[in-house]
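A.B. asks:
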Amino acid sequence: MKTVGIMNTTLQKLRNIGIAAHIDAGKTTITERILYFTGKSYKIGEVHDGTAVMDYLEEEQRRGITITSAATTCPWKGFTINLIDTPGHVDFTIEVERCLRVLDGAVVVFCAIGGVEAQSETVWNQADRYNVPRICFINKMDRVGAYFEQVVKEIRERLGANPLPLQIPMGSGDNFVGQIDLIEQKALFYEPADIATNLKIEPIPEEYVEASQKARGEMLETLAELDDELMDLYLHDKPISPDQIRTVIRRAVISGTIQPVLCGSALKHMGIRALLDAVCYYLPSPADVPAIEGKESVDSEKIIKRHPRPDEPFSALVFKIVSDAHGDLYYIRVYSGTLKTGVRVLNPVRMKKENITRIWEMHAKQRIPRQKIQAGDIVAVVGPKHSLTGDTLCDSHHPIVLETMNFPEPVISMSIEPVSSVERTKLAEALEILKREDPTFKTSIDRQTGQILISGMGELHLEILRNKIIRDIAVPVKIGKPRVAYKETITTSAQAEGRFIRQTGGRGQFGVVVLKVDPAGYTGRGKEVETSGITFINEIKKGAIPNEYIPAIEQGIRDEATNGPLGGYPLVGITVTVIDGQYHPVDSSEIAFSQAGAIAFREAVKQANPVFLEPIMKLQVTIPEEHLGAVTGDLNTRRAEIVEMKRAGGYCKLLANVPLATMFGYATALRSMTHGRGTHTMEPTGYKIVPPEVAEKSGLLI
Numbered sequence: 017m018k019t020v021g022i023m024n025t026t027l028q029k030l031r032n033i034g035i036a037a038h039i040d041a042g043k044t045t046i047t048e049r050i051l052y053f054t055g056k057s058y059k060i061g062e063v064h065d066g067t068a069v070m071d072y073l074e075e076e077q078r079r080g081i082t083i084t085s086a087a088t089t090c091p092w093k094g095f096t097i098n099l100i101d102t103p104g105h106v107d108f109t110i111e112v113e114r115c116l117r118v119l120d121g122a123v124v125v126f127c128a129i130g131g132v133e134a135q136s137e138t139v140w141n142q143a144d145r146y147n148v149p150r151i152c153f154i155n156k157m158d159r160v161g162a163y164f165e166q167v168v169k170e171i172r173e174r175l176g177a178n179p180l181p182l183q184i185p186m187g188s189g190d191n192f193v194g195q196i197d198l199i200e201q202k203a204l205f206y207e208p209a210d211i212a213t214n215l216k217i218e219p220i221p222e223e224y225v226e227a228s229q230k231a232r233g234e235m236l237e238t239l240a241e242l243d244d245e246l247m248d249l250y251l252h253d254k255p256i257s258p259d260q261i262r263t264v265i266r267r268a269v270i271s272g273t274i275q276p277v278l279c280g281s282a283l284k285h286m287g288i289r290a291l292l293d294a295v296c297y298y299l300p301s302p303a304d305v306p307a308i309e310g311k312e313s314v315d316s317e318k319i320i321k322r323h324p325r326p327d328e329p330f331s332a333l334v335f336k337i338v339s340d341a342h343g344d345l346y347y348i349r350v351y352s353g354t355l356k357t358g359v360r361v362l363n364p365v366r367m368k369k370e371n372i373t374r375i376w377e378m379h380a381k382q383r384i385p386r387q388k389i390q391a392g393d394i395v396a397v398v399g400p401k402h403s404l405t406g407d408t409l410c411d412s413h414h415p416i417v418l419e420t421m422n423f424p425e426p427v428i429s430m431s432i433e434p435v436s437s438v439e440r441t442k443l444a445e446a447l448e449i450l451k452r453e454d455p456t457f458k459t460s461i462d463r464q465t466g467q468i469l470i471s472g473m474g475e476l477h478l479e480i481l482r483n484k485i486i487r488d489i490a491v492p493v494k495i496g497k498p499r500v501a502y503k504e505t506i507t508t509s510a511q512a513e514g515r516f517i518r519q520t521g522g523r524g525q526f527g528v529v530v531l532k533v534d535p536a537g538y539t540g541r542g543k544e545v546e547t548s549g550i551t552f553i554n555e556i557k558k559g560a561i562p563n564e565y566i567p568a569i570e571q572g573i574r575d576e577a578t579n580g581p582l583g584g585y586p587l588v589g590i591t592v593t594v595i596d597g598q599y600h601p602v603d604s605s606e607i608a609f610s611q612a613g614a615i616a617f618r619e620a621v622k623q624a625n626p627v628f629l630e631p632i633m634k635l636q637v638t639i640p641e642e643h644l645g646a647v648t649g650d651l652n653t654r655r656a657e658i659v660e661m662k663r664a665g666g667y668c669k670l671l672a673n674v675p676l677a678t679m680f681g682y683a684t685a686l687r688s689m690t691h692g693r694g695t696h697t698m699e700p701t702g703y704k705i706v707p708p709e710v711a712e713k714s715g716l717l718i
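Heads up: the sequence shown begins at 17 in the numbering used here, then just goes up one per residue.
1. Do you know how far the Cα of Thr593 is from the Cα of Gly540?
2. Looking only at C-alpha atoms, which of Arg515, Gln525, Gln511 sits nearest to Ile590?
3. Per DSSP, Gln275 forms a beta bridge with which residues?
4. Expressed to the nearest angstrom, what Euclidean distance is found between the alpha-carbon atoms of Ile319 and Glu419?
5. Runs of 3 residues minimum, wholly inside the segment 546–634: which ones carry the beta strand (DSSP E) assignment?
6. Within its chain, find whatever has a CB closer than 6 Å to the CB of Gly358; leave out the 5 residues flanking it on each side and keep chain order.
7. What did DSSP end up calling Asn147 once you bin it into helix, strand or coil?
8. What residue from Ser403, Ala282, His402, Asn673 has the CA that sits closest to Ile46's CA?
9. Terminal residues of the continuous alpha helix (DSSP H) containing Ala7?
10. Grab the span of the alpha helix (DSSP H) containing Met698 for me, first residue to last.
11. Would you please state the rounded distance, in angstroms, between the beta carbons of Gln636 and Ser610? I believe it to be under 8 Å.
12. Going by alpha carbons, who is nearest to Glu453 out of Leu27, His38, Glu111, Thr89?
13. Take every Cβ of the segment 134–142, pair it with every Cβ of the segment 35–51, and state whether three or more of those distances are shorter than 8 Å.
14. What distance in whole Å lies between the Cβ atoms of Pro415 and Leu362, which are believed to be in contact at a cut-off of 8 Å?
15. Just tell me which of Pro219, Leu239, Val124, Phe335 has its CA closest to the CA of Cys279.
16. Mark Gly176 as exposed unless 16 or more other C-beta atoms lie within 10 angstroms of its C-beta, in which case mark it buried.
17. Identify the continuous beta strand (DSSP E) that holds Glu309 and give its terminal residues.
18. Going by DSSP, which residues form a beta bridge with Met430?
19. Rank Leu27, Ala122, Ile154 by C-alpha distance to the C-alpha of Gly94 and give the top, closest one.
20. With DSSP collapsed to three states, give me the class of Asp40.
21. Which residues in the same chain as Cys115 place their Cβ atom closer than 6 Å to its Cβ, once the five residues preceding and following it in sequence are excluded?
22. Between which two residues does the alpha helix (DSSP H) harbouring Ala290 extend?
23. Following the continuous beta strand (DSSP E) through Glu395, name the residue where it begins and the one where it ends.
24. Do the segment 330–349 and the segment 423–433 touch if we need at least three Cβ pairs shorter than 8 Å?
25. Would you kindly report the start and end of the unbroken beta strand (DSSP E) that includes Glu721?
26. The alpha helix (DSSP H) that contains Arg440, what's its start and end?
27. Tell me the rounded alpha-carbon separation between Val530 and His600.
28. Rounded to a whole number of angstroms, what is the C-alpha to C-alpha distance between Val350 and Pro455?
29. Apart from the five residues on each side of it in sequence, which residues of its chain come closer than 6 Å, Cβ to Cβ, to Val269?
30. For Asp411, does the three-state DSSP call read helix, strand or coil?
31. Would you tell me roughly how many angstroms separate the C-alpha atoms of Arg145 and Leu119, rounded to the nearest one?
32. Report the residue from Ser316, Arg499, Lys494, Ile489 whose alpha carbon sits nearest the alpha carbon of Ser1.
33. Quick check: the segment 691–701 against the segment 631–646, are there 3 or more CB pairs under 8 Å?
34. Is Glu76 helix, strand or coil when you go by DSSP?
35. By the DSSP assignment, the beta strand (DSSP E) with Thr96 in it spans what residues?
36. Considering only DSSP beta bridges, list what Ala122 is partnered with.
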């Protein structure tokens, strides 16, 4: 079969980028324009019409939001751009997280009215975590209330960034006519065409000359501080060419020193071509990114590197899995080497060999076959059976384990059951499919009711998953009401002894364990191993318990920690130190010490003043000023702590920390209070102790 893909290109001409932002900032609209202007699409899809190419799921088209990240590859002026459009809704933040993990650069979109919003901060922090160079695009300059300078200020102050405007807008709202390019010193005007918009490059209008000269001077001053040659030219008023400016900008962007700022209106096709130019000019190629580091094996401490070259040993990271009737799609980022179809690779995390039977270059849901891929490529492969999100695939003769991804813990649960016992097996299979696809989705069994619980990042997240089970996987189910994913912890230290002694005539069971528990933060002495919120420390001296039984004690403790004494919720934030014990040379066994460890842990926790922990959400509410009193009064009844309030253009923006337990049905309440004009977003920000009176009133105690 002949390879049809675009990807015969040098690494220097390749860009792996993502588009990320707060919900409704216009990410998918920008992506649809990019597809049109690069020739990838011949018709422009619209989010509001449900025709966006990248929002190809039925659920996305119906709701007008992006739920799953979609990948495509498109050409622009000799460059190849691997582009991923990510969701903006916080319930699907894992999609952004795993995309930023494998991308070389990002375009972060801001609304010219909303500015830096709650999810904007989350996206920015995720990009910081993975050292991803960024370009900022201030969208919706054609909307009433658009304020370019204010958004730039918010990017600087709220995100701790160093934004550098490379354009300034000509007008705003209904008067927005284009941008001034500060590098080329030209005005970019737009006139409507049958499809898209015609771009006209003209001299800067007289009324904008002074503002553009001031902005250009500030841009050059910032760049001069980053480059000695440019500084010399700037101080001596010598001509500075656009290429010289772009060279300095590119170097500063890749190092993370600055973030260029552009502006436009994606809906009106204004500014997209300049954005594409900026992606190619300033964001790094795979060759500009440092060599990827990994370990020789899961247990090894030795660090090895892979450079982004086709002749290095093959290495890639699985960052997404999509179930498919014709074989699951494993999205991978290739960091080094070359891979052909029909080759076997190693998953060093699972120590399993995987077959690569097909390679696809993706365009949303469309697939283009590839016979070979190499360093820098982002593709989907078919064939693996054992790999999970975050796993490494590599050359069997040159193993490497790349750093995996961290996934947030679910904050909300609901019960799920099949409508008939016949469907029970199908439901179990469906849940396994969803867990493979989505690392933030978890299942468990309620120990009191025996019901299956599904857990996720929010009400919308679980609603989407429920619809997928019913509509896509065709398993009819009944769903319970959402419930909060509480946890339990301790507030004081305590010590207890666990004895598991059984004598039945033959060989018995004998294990005695003495341990103490302390709230998180206590370090003690000895080696610490932290897993699922429990830190285990072994301080056994003089062989009171043989070393061979220590792992069994730890396992018993960790198993017991899955059900706390107050409400059966998982225990977290506890340091457990085993300090003494007894054993019998004949009757002692791993089972005995596992049980003794569990008994001692359970008793110690009961004595250590256990408390409930509840998930706290970072809430952002945008409302008309006249409804401020009603909304703040309602938030007070929900135990909210308002941390910031801003007024602009007749609207108020409130930032608050609020317990998730009080926020069910808030969207309906907010619509009622503001006559449909208020909006809100929430995202998990951590856990806090539930006040005793609230725990008692809420019926949390068993």
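Virtual Cβ for every residue (Gly too), placed ideally from N, Cα, C.
C.D. replies: According to the data block:
1. Since pLDDT at Gly540 reaches only 42, below the 50 mark, its modelled position is unreliable, and the value read off the structure follows with that caveat. In a straight line, the C-alpha of Gly540 is about 8 Å away from that of Thr593.
2. Cα-wise, what sits closest to Ile590 is Gln511.
3. Looking at the DSSP output, Gln275 sits in a beta bridge with Pro179.
4. Rounded to whole angstroms, Ile319 to Glu419 spans 11 Å at the Cα level.
5. Runs found: 550–554, 590–598.
6. None.
7. Looking at Asn147 - three-state DSSP - the assignment turns out to be coil, as it is neither helix nor strand.
8. For Ile46, the closest C-alpha among the options Ser403, Ala282, His402, Asn673 is that of Ala282.
9. Only positions 17 to 718 of the chain appear in this structure, which leaves residue 7 out of reach.
10. Counting along the chain, Met698 falls outside any alpha helix (DSSP H), though it belongs to the beta strand (DSSP E) covering 695–705.
11. Going by Cβ atoms, the distance from Gln636 to Ser610 rounds to 47 Å, so no, they are not a contact pair.
12. The residue with the shortest Cα to Cα distance from Glu453 is Glu111.
13. The answer is yes - the segment 35–51 touches the segment 134–142, with three or more Cβ pairs under 8 Å.
14. Between Pro415 and Leu362 the Cβ distance is about 6 Å, and since that is below 8 Å, they are a contact.
15. Selected option, being the one with the closest Cα: Val124.
16. Under this definition Gly176 is an exposed residue.
17. Per DSSP, Glu309 belongs to the beta strand (DSSP E) from 308–311.
18. Beta-bridge pairing links Met430 to Ile470.
19. With distances taken between Cα atoms, Gly94 lies closest to Leu27.
20. Here Asp40 sits in coil by DSSP.
21. In its chain, beyond the 5 residues on either side, Gly34, Ser85, Ile100, Thr102 have a beta carbon closer than 6 Å to the beta carbon of Cys115.
22. Element bounds for Ala290: 288–298.
23. According to the sequence provided, residue 395 is Val. The question's Glu does not apply to it. 394–398 is the extent of the beta strand (DSSP E) around Val395.
24. Judged by Cβ distances under 8 Å, the segment 330–349 makes no contact with the segment 423–433, as fewer than three pairs qualify.
25. A query on residue 721 cannot be resolved here, the shown segment of the chain reaching from 17 to 718 and no further.
26. Arg440 -> alpha helix (DSSP H) spans 440–453.
27. Whole-angstrom Cα-Cα distance: 15 Å.
28. So the alpha carbons of these two residues sit roughly 21 Å apart.
29. So the list reads Pro149, Tyr298, once near-sequence residues are dropped.
30. Asp411 sits in coil when the DSSP states are folded into three classes, being neither helix nor strand.
31. When rounded, the distance between both Cα atoms is 12 Å.
32. Given that the chain is displayed from residue 17 to residue 718, the structure contains no residue 1 and the question cannot be resolved.
33. By the Cβ test, the segment 691–701 is in contact with the segment 631–646, since at least three Cβ pairs between them sit closer than 8 Å.
34. No answer about Glu76 holds up, because its pLDDT of 41 lies below 50 and its placement is not dependable.
35. In the DSSP assignment, Thr96 falls within the unbroken beta strand (DSSP E) covering 95–101.
36. Per DSSP, Gly34, Arg150.
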